[in-house]
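Working notes, beginning with the structure itself.
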Amino acid sequence: MRTLRPYLPVLVLGVLLALAPLFVTSNVVLNFLVFTLTVALAAQGWNLLGGFGGQFSFGHAAFFGTGAYASAIWQMQLGFDAWTGFVAGTLAGALAGLVIGFLSFRAGLRGSYFALVTLAFAEVFRVLANSSEVTGGAAGLLLPLKIGAENLQFADRATFLGFVVALVIVVLLLVQWIRGSRFGAQLVALRENEEAARALGVDVLVVKLKAICLSGAITAAAGVLYLQYFLFIDSGIAYGTWISVEVLLAAIVGGLGTVLGPVVGALALHGVGELAKSLAGGLPGIDLAVYGAVLVVAVAFLPGGLVGIVRRRDRPRPVRDAAPVEGEA
Amino acid sequence: MLTVDNVTMRFGGLTAVNDASMQVKAGSITGLIGPNGAGKTTLFTIVSGFLKPTAGKVAFEGETITGVAAHRLAERGIGRTFQIVKPFAGLSVLENIVVGAFLRHPRRPDAERLAAAVAEKVGLGDRLDAPASSLTVAGRKRLELARALATEPRLLLLDEVLAGLNPSEVRDILPVIRSLRDDGITILMIEHVMQAVVSLCDEVFVLAQGAIIARGTPAEVVADQKVIEAYLGHGAAARLKGGEAADA
Chain A
1 MRTLRPYLPV
11 LVLGVLLALA
21 PLFVTSNVVL
31 NFLVFTLTVA
41 LAAQGWNLLG
51 GFGGQFSFGH
61 AAFFGTGAYA
71 SAIWQMQLGF
81 DAWTGFVAGT
91 LAGALAGLVI
101 GFLSFRAGLR
111 GSYFALVTLA
121 FAEVFRVLAN
131 SSEVTGGAAG
141 LLLPLKIGAE
151 NLQFADRATF
161 LGFVVALVIV
171 VLLLVQWIRG
181 SRFGAQLVAL
191 RENEEAARAL
201 GVDVLVVKLK
211 AICLSGAITA
221 AAGVLYLQYF
231 LFIDSGIAYG
241 TWISVEVLLA
251 AIVGGLGTVL
261 GPVVGALALH
271 GVGELAKSLA
281 GGLPGIDLAV
291 YGAVLVVAVA
301 FLPGGLVGIV
311 RRRDRPRPVR
321 DAAPVEGEA
Chain B
1 MLTVDNVTMR
11 FGGLTAVNDA
21 SMQVKAGSIT
31 GLIGPNGAGK
41 TTLFTIVSGF
51 LKPTAGKVAF
61 EGETITGVAA
71 HRLAERGIGR
81 TFQIVKPFAG
91 LSVLENIVVG
101 AFLRHPRRPD
111 AERLAAAVAE
121 KVGLGDRLDA
131 PASSLTVAGR
141 KRLELARALA
151 TEPRLLLLDE
161 VLAGLNPSEV
171 RDILPVIRSL
181 RDDGITILMI
191 EHVMQAVVSL
201 CDEVFVLAQG
211 AIIARGTPAE
221 VVADQKVIEA
231 YLGHGAAARL
241 KGGEAADA
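The following block contains the structure:
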C-alpha cells in the first residue's frame, strides 16, 4: 500500500482525463484536449531531461519532428502500418536523443551551451526536412486518409482523445516510477551538483544519455500523435521552434521536475490562451501575448510552478522553525 | 591500503603537487596537514579520481587507480567529502543520502533504510525530511559525511570536515569519526584543527609547497623543525627553541 501511494495523484488525474472523452461532445473542446494533451506529452518528455536532469534543451522539436517524420516515412515510403509506425517513430526519437546526447554530453556541454546546441540540431533537421525528397520537401507529407483503428485513425475524435489520454497516463506512471528509482535519484543528483554526484558513484554521462533517450522517445511519441491526428506535417510544424517553446513553457509553468507539472502547465496555458482568444474577439496573437505574461508571472511568483502551490502547503516542516535548533547543536 | 607514489601535478607553470609519496595503512586514521596552498586538496582530488596526475602512480589495495574515473572509484570503495560542501540543495536530507546509498542498493526501500541508519550515526536522524538548504554549516558538513558513508566506502577521504565548526561542534563530531574507524573504515583526512589531528590520527603526513616534508605520529610531526618552519617561516624553530631556553 505504501509503495502505491505516490501513484495516487497520477491515477486521480488519469481518471479525470479518462472521463473527458465520455462526457465531452463538443468538437471544439475535443480538439482542444487532443492538441493540449499531445503538447503535454511532449512536455513531459522535455521535463524528464530538463526538469529532473537540469539539462535545458531549446530544441525538443528535433525529437517531436523525428517521431512524426519517421512514422510518416515508415508508412508512406516503406509501406508499413501505423501501429508499427508509432513504435518506429518513438524509437527514432530515442535514437536522435542518443546521437545528440552523445555528441553534446561527451563534449561536456552544459547549461546555455547545451541549450544552444539542441537549438542548432533542431534547426539543422528542419532545413534538411525542408529540402530533402524523402520528407516531401517544403510541401510536407500528407498521410493518406484511411479511417480505421488498424491505421491509428479514428472517425470519432473522442476515441482518439481516449488513445491520447491512455498514452499520457502510461507516461505519467512511468515518470512517477522513475522518480522513485535509482536512475531518478541519480538524475536529480546530477542536476543539483555534478561533482558531488560523481563522488557518490553516479556515472554522469550514462545517466544523462539514458535521460535524453527516454526524453526523445516520449517527445517523439507526441510527434507521432500529432501526425496521426492532423494527418499532415511539414518541416515548419514538425521541426518548428513553436513546439520547442511550447514544451518548455508547459513544464516551467506547471512545475519543473514534477510528475504532473507538464500536464497541468499545458492545460493551464492553452486554457488561458483559448480564453483570451475568445474574449479578445480574434485579436491576432493575443494568446501568444498571454503566454508571455503567464510565463513572466510563473517565473516571478511560482518557483515551483502551478503544482508547487499545492506542494508548498504539505511541506512537513517550515525552514524557519528548524534553523535555531540546529544552531544550538 | 592506499599508496601514492611520486605524484606530480602541474597546472601550466604551477606545480601544485611535487613528487609526493605517502601511504595509508588499512584500519588507520591518517592525517594530511600543511599550510594553506600546500596542495593537500589537489592531492585529494587526484586520489579520488577527479584529476589525472601529470606524473606518478596511485594504488588502492594493490591495484593502480591512476586516472580511473571518480564514479568508478566510488564503486571500488573510495568515498570522499568536499571541503566546500556540495549539498543537493533542492532535496531533503534523506534524499541526499539516498543518492549515495543507491550505489550498492538498487532498490529504494533498502537504500532508504541504509540512508536513515547513516543519518542517525552522524546525528542527522531527526532532520531527515528537512530540505538540505535549511542546514547550518555544521549540519552540511555532517550531510557531506553521511552521503559519503552511504556509499559504504572502505577508504574515506575527509577534506576539512571540521573547518568552520565551533569548538563544541568539533567535540560532537570527533567521536563520530572515531567510530567509523571502529567500523573498519580506513580514513585519510585533511585537517587544520590540530586538536582533532592530535586526538584522532595514528600517522600524519605534512605537505608544504607540494612536497611531503615530514611524516610520523602527531607528536613527532608537531615537534619537527621543518614543519614548524613551513608554518611559521624560516628560522622560527630556532627562535622558538631560543624562547624556551630563555624561559627556563
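For the protein sequence lines, the chains are A and B, in the order given. The UniProt record's numbering numbers the first residue of the first sequence as 1 and each following residue consecutively. The UniProt record's numbering numbers the first residue of the second sequence as 1 and each following residue consecutively. The beta carbon of each residue, even a glycine, is placed where N, CA and C say it ideally should be.
Query, Result
"Bridge-paired residues (DSSP) for MET1 (chain B)", "Beta-bridge pairing links MET1 (chain B) to no other residue."
"Where the segment 51-76 of chain B meets chain A: residues whose CB sits under 7 Å from a CB there", "ALA70, HIS71, ALA74 and GLU75"
"Classification of ARG315 (chain A) by the beta-carbon crowding that lies within 10 angstroms, buried from 16 upward", "Any reading at ARG315 (chain A) needs caution, since the residue's pLDDT is 46, under 50, leaving its predicted position unreliable; the model's value is listed next. Counting Cβ neighbours within 10 Å, ARG315 (chain A) comes out exposed, since fewer than 16 surround it."
"Extent of the continuous alpha helix (DSSP H) run through GLN209 (chain B)", "Unbroken run through GLN209 (chain B): none, as it is neither H nor E."
"8 Å Cβ cutoff met for ALA132 (chain B) and LEU91 (chain B)", "yes"
"Selection of the segment 173-188 of chain A by Cβ proximity to chain B, strictly under 8 Å", "GLY180, SER181, ARG182, ALA185, GLN186 and VAL188"
"Selected residue, minimal CA-CA separation from LEU124 (chain B), among B:ARG142, B:THR41 and B:ARG108", "B:ARG142"
"8 Å contact criterion, which THR219 (chain A) and ALA42 (chain A) should meet: CB distance rounded", "5 Å"
"Classification of SER132 (chain A) by the beta-carbon crowding that lies within 10 angstroms, buried from 16 upward", "exposed"
"Reduced DSSP secondary structure (H/G/I, E/B, other) of ASN193 (chain A)", "coil"
"Three CB pairs or more closer than 8 Å across the segment 90-105 of chain A and the segment 206-216 of chain A", "yes"
"Neighbour list for LEU162 (chain B) in chain A, Cβ cutoff strictly below 9 Å", "By Cβ distance, chain A contributes nothing, its closest Cβ being about 14 Å from LEU162 (chain B), past 9 Å."
"Sub-8 Å separation of SER71 (chain A) and VAL171 (chain A) beta-carbons", "no"
"VAL4 (chain B) versus LEU269 (chain A) - alpha carbon distance", "59 Å"
"Burial state of ILE9 (chain B) (16 or more Cβ within 10 Å)", "Sequence inspection shows Met at residue 9 (chain B); the Ile mentioned does not correspond to that position. Under this definition MET9 (chain B) is a buried residue."
"Span separating the alpha-carbon of GLU229 (chain B) from that of ALA223 (chain B)", "11 Å"
"Whole-angstrom distance between PRO21 (chain A) and ASP156 (chain A), CA atom to CA atom", "10 Å"
"Residue environment, GLU160 (chain B), which counts as buried when at least 16 other CB atoms sit within 10 Å", "buried"
"Proximal residues of chain B, C-beta to C-beta of ASN193 (chain A) below 7 Å", "LYS86 and PHE88"
"Helix, strand or coil at residue 331 (chain A) according to DSSP, with G and I counted as helix", "What is shown of chain A runs 1 to 329, which leaves residue 331 (chain A) out entirely."
"Rounded straight-line distance, which links the Cα of ALA219 (chain B) to that of GLY235 (chain B)", "20 Å"
"Neighbour flag for PRO106 (chain B) against chain A, beta carbons, 8 Å", "yes"
"Those runs of the beta strand (DSSP E) which lie wholly inside the segment 73-141 of chain B and span at least 3 residues", "78-80"
"With 16 other Cβ atoms within 10 Å as the buried cut-off, status of SER134 (chain B)", "buried"
"Other residues of its chain near residue 249 (chain B): CB distance less than 8 Å, five sequence neighbours each side excluded", "The displayed coordinates of chain B run from 1 to 248. Any statement about residue 249 (chain B) would go beyond what the structure contains."
"Top-ranked residue by Cα proximity to LEU4 (chain A), from A:SER278, A:GLY273, A:TRP177 and A:VAL263", "A:TRP177"
"Residue from B:GLY12, B:MET22 and B:LEU14 with nearest C-alpha to GLU203 (chain B)", "B:MET22"
"When B:ILE29, B:GLY12 and B:THR54 are compared against ASN6 (chain B), the one with the closest alpha-carbon", "B:THR54"
"Residue-chain proximity (THR151 (chain B), chain A), Cβ-Cβ < 8 Å", "yes"
"Length at least 4, wholly inside the segment 234-297 of chain A: the alpha helix (DSSP H) runs in chain order", "235-238, 241-254 and 261-279"
"C-beta neighbour in chain A for ARG147 (chain B), strict 8 Å", "yes"
"Residue range of the unbroken beta strand (DSSP E) whose run includes LEU188 (chain B)", "186-190"
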